[in-house]
Structures are given as C-alpha cells and as structure tokens.
Ligand SMILES: Nc1ncnc2c1ncn2[C@@H]1O[C@H](COP(=O)(O)OP(=O)(O)OP(=O)(O)O)[C@@H](O)[C@H]1O
Ligand SMILES: [Mg+2]
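Residue numbers (full-length UniProt numbering): 1 to 275.
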C-alpha cells in the first residue's frame, strides 16, 4: 500500500500564496504526472510530499498516517540534476542510502550485511543499464546515465512513493525515449506510487496513469501573489493499472502502456490537450 491523500493543502511564503486548497488522492501504485506553468508551485508541492516543506494549512497522509516531519526512506526522489553525489562512484552512490539507514552516524556497512547490500546495488545498477560503470564517478557519465544512476539510488531504498521533478527534462530526445522505457519497466516491476513533475505533455501522457494540472485560476498580474495555484484538470488515463496486478516480467506489461498513445490522441481531438 502507498496511498497519498492531500487534504486542502495551502502553501504560503510570507505574503505570497503559492498553492491554495489543493486536494488530491493518489491511489496506491498510481503514476501521476503533475503539469503546470513555470512557477506555479509544482516543485513546492513535491517538496511537501517529500517532507522537506510543511503545508501552511491542510494535511498530507501516506497510508492514512500524517507524513513524518522529515524525508524518510519511504519516499525516494530524483531531481532534474544533481541528485547524485559527485565524490562517490556509481556503486558508492547506490549503496549510500543502505549505509545511512544501517548505521546513521558512521554510514558504513560491514561483513555479510555489506556483501548483501553490494550484491543488491550491483543488481540494480544492471537493471538501470549501468553494468560496467560501477567504479566510475558521475562526472564520467552522460546526463542520461546520471539520471539512471539517480533512479537506482532512489530505488535501492524500496520507496513506497517515488517523487520525480523533471527527471528527464535535460536529456536529448533519443536518450529520453530510452529512459522512458526503463521508467515504465521499473514502475511495473515495483509496488511504487509515482508522482512526476514534467513540462512535457507527451512525457506525461506516455508514462502516467493520471495527469493533474496545477494552475492559478485567476492569473491577473496584480493578483499573482494573492492567489495560489490549485488543481484545474485531473485526467485519468484508461486503462489504469490495478493495484495488486502481478507485474514482474508480466507478459502483458506493455499492454496498458501501448494504449496510452491512443488515449492521448483522443484527448487531443477532444481539445483536452495540445497534441
Ligand atoms: N523556499 C522558498 N521561499 C520563498 N519562496 C519560494 C520558496 N520555494 C519556492 N518559492 C516560490 O514559490 C513559487 C513556486 O515555485 P516552484 O519552484 O514550486 O515552481 P515550479 O512550478 O516548480 O516552477 P518550474 O516549473 O519553473 O520549476 C515561486 O514563486 C517561488 O519563488
Ligand atoms: Mg520546479
């Protein structure tokens, strides 16, 4: 289970209202794409889900419990850039979360526990297509490889919720398409709920089961600070993935994904989105 409930959330910085009255229930194992104009509060929203920011008003619940006051291993995150540590190797970056959770102050694992963690890290590095790069440093990797590494780093903690803030925004189109395929596979093979911010409608409709738009309803320049953004569109993509569907290497795993393109065309022709 990994259901997120956002209840009447407001976020203000001083006199500026960034988000107002945002309510959203994200089903366990859903993949939500969050879209909206620059500056409308998408990253702020994600940071609240991560626990880096508190709502000014309202509540956020994960599986019925209020979110802990700080980021935890139940929530993983990948940003557009700089998610990985430049002074650690690929293997070191993937191991880091495990080491911190095992030994909070020393951040080191020993003996059999370390061997198990290294095996798992190597397996994940393979899963994201980075086998052979275990001893390289991030500066020696391409942008796409760094984002694959960031995914592996987040996934080793088996987060209930994966938060992605334009993770593929800086990548070339070809590399993006490859990493989309990887992302779809990882999501199908795990139990995670994913919330992904993106500027790219095509990406939103390719990956997500639901597309949510944040916008200011009243966008007069004089009201910019006085009105926050809220949810203005909420589009379910058919067919949604069912919670509990057997997923690992399931033969029909591309079935729902394959039909998304068709769904996108329908929405475009109904005027819901720009094709
Ligand atoms: N820590 C902060 N202190 C004060 N204001 C902030 C803080 N974080 C964000 N803001 C303000 O909140 C608003 C929303 O910012 P946010 O980064 O969430 O937008 P965004 O939708 O992610 O934009 P983009 O698409 O450009 O990434 C901006 O006006 C920003 O200046
Ligand atoms: Mg942002």
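For every residue, glycine included, the Cβ atom is placed at its ideal position computed from N, Cα and C.
| query | result |
| --- | --- |
| Less than 8 Å separating the beta-carbons of residue 144 and residue 175? | yes |
| Could you have a look at residue 201 and say whether DSSP puts it in helix, strand or coil? | helix |
| Just reading off the alpha helix (DSSP H) that residue 43 is part of, what are its end residues? | 42-50 |
| Going by C-alpha distance, which of 196, 227, 23 is nearest residue 31? | 196 |
| Short check: CB of residue 228 to CB of residue 20, under 8 Å? | yes |
| Going by the DSSP bridge assignment, what does residue 234 pair with across the sheet? | 212 |
| Could you check how far apart the C-beta atoms of residue 151 and residue 118 are, in whole angstroms? I think they sit under 8 Å. | Not quite, the Cβ-Cβ distance comes to about 18 Å (not below 8 Å), so this is no contact. |
| Residue 100 by DSSP, collapsed to three states: which one? | helix |
| Have a look at residue 276 and residue 207 and give me their C-alpha separation to the nearest angstrom. | As displayed, the chain neither begins before 1 nor continues past 275, which places residue 276 out of reach and without an answer. |
| Name the DSSP bridge partner or partners of residue 195? | 32, 163 |
| Look at the alpha carbon of residue 83 and the alpha carbon of residue 226, and state the distance between them as a whole number of angstroms. | 33 Å |
| By Cβ distance below 8 Å, which residues in the same chain neighbour residue 60 in space, the five residues on each side in sequence not counted? | 4, 5, 6, 7, 9, 48, 49, 66, 67 |
| Pick from 122, 112, 156, 213: whose alpha carbon is nearest that of residue 75? | 156 |
| Which residues share a DSSP beta bridge with residue 139? | Beta-bridge pairing links residue 139 to no other residue. |
| I'd like to check one pair, residue 181 with residue 33: are the Cβ atoms closer than 8 Å? | no |
| Quick one, what's near ligand 2 if you take every residue whose CB is closer than 7 Å to any heavy atom, in chain order? | 42, 43, 165, 166, 197 |
| According to DSSP, simplified to helix, strand and coil, what is residue 119? | helix |
| Specify, as a first and last residue, the run of the alpha helix (DSSP H) that residue 174 falls within. | 173-189 |
| Hey, is residue 78 close to ligand 1, as in C-beta under 7 Å from one of its heavy atoms? | no |
| Assign residue 36 to one of two classes, buried (16 or more other C-beta atoms within 10 Å of its C-beta) or exposed (fewer than that). | buried |
| What is the rounded straight-line gap between the Cα of residue 183 and the Cα of residue 14? | 37 Å |
| Find the nearest neighbour of residue 91 within the set 27, 154, 200, judged by alpha-carbon distance. | 154 |
| Quick one: what does DSSP say residue 229 is sitting in, helix, strand or coil? | strand |
| Buried or exposed for residue 147, going by 16 or more other Cβ atoms inside 10 Å? | buried |
| At the level of alpha carbons, what is the spacing between residue 200 and residue 166? | 9 Å |
| Mind checking whether the beta-carbon of residue 195 lies closer than 7 Å to any heavy atom of ligand 1? | no |
| Is it the case that the Cβ atoms of residue 85 and residue 69 are separated by a distance below 8 Å? | no |
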